[in-house]
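Presented below is the structure to which this report refers.
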Amino acid sequence: MLSLPSDLVEFDHLEIADYLGDVLSVWFWSQDSVEYEIFKQYERALVAIGVNFSQEVQMSLEDCTSGLEDAFRSTIDYVLWLQKHEKQYFSNAILISALQQQWKPKAWRDHYLELPMLESPGQKWWNAAVSK
């Protein structure tokens, strides 16, 4: 079981996810792998929509042999749709289903990763500083 250092207890969930993401990416994929690159591209958006990389999610990621990017895109796309329509959702369950059932994105747009609601705190800060 993964345990967080005591100095991370006071951090927000995105900072903890950064820690978990680094550990997970080393656990599942080497840093020079295509899977790692794909994971890092979508990690922030997945965390922003509520994926917490529980043990069950970790197992599904590890078992995924193809369609990783499609699963990430489908999850983000579907959760954005659910949020827009004010529906309840469980991000981990959606990602697990997308990984296991090889979902294909229905209405993915590359600009989704640039949506303010999916930006990292650092990117939000940078955007605010640049716009002043």
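Reading the sequence shown from the start, the letters are residues 392 to 523 in my numbering.
All C-beta atoms in this analysis are idealised placements derived from N, C-alpha and C, irrespective of residue type, glycine included.
Source: prediction; values computed, not measured.
Check                                                                                                                                                                                           : Outcome
Please name the residue in Arg464, Ala520 and Ser424 whose C-alpha comes closest to that of isoleucine 440.                                                                                     : Arg464
Hey, isoleucine 467 and leucine 437 are a contact pair by Cβ (cut 8 Å); roughly how many whole angstroms apart?                                                                                 : 7 Å
Rounded to the nearest angstrom, what separates threonine 456 and glycine 513 at their Cα positions?                                                                                            : 32 Å
Could you round the C-beta distance between valine 448 and leucine 486 to whole angstroms and report it? I think they count as a contact, below 8 Å.                                            : 6 Å
Which term fits arginine 500, buried or exposed, when burial requires 16 or more other beta carbons within 10 angstroms of its beta carbon?                                                     : exposed
Provide the residue span of the alpha helix (DSSP H) that contains alanine 520, from first to last.                                                                                             : 512–522
Thinking C-alpha only, which one of Phe444, Val442, Lys475 and Glu460 is nearest glutamate 428?                                                                                                 : Glu460
Whose C-beta lies closer than 6 Å to the C-beta of leucine 509 among residues of the same chain, with five residues either side of it excluded?                                                 : Ala436 and Ala439
Check this for me: beta carbons of valine 442 and serine 482, under 8 Å apart or not?                                                                                                           : yes
In this structure, does DSSP put glutamate 426 in helix, strand or coil?                                                                                                                        : helix
Identify, in the order they occur along the chain, each residue of the same chain with its Cβ nearer than 7 Å to the Cβ of serine 445, setting aside the five sequence neighbours on each side. : Asn483
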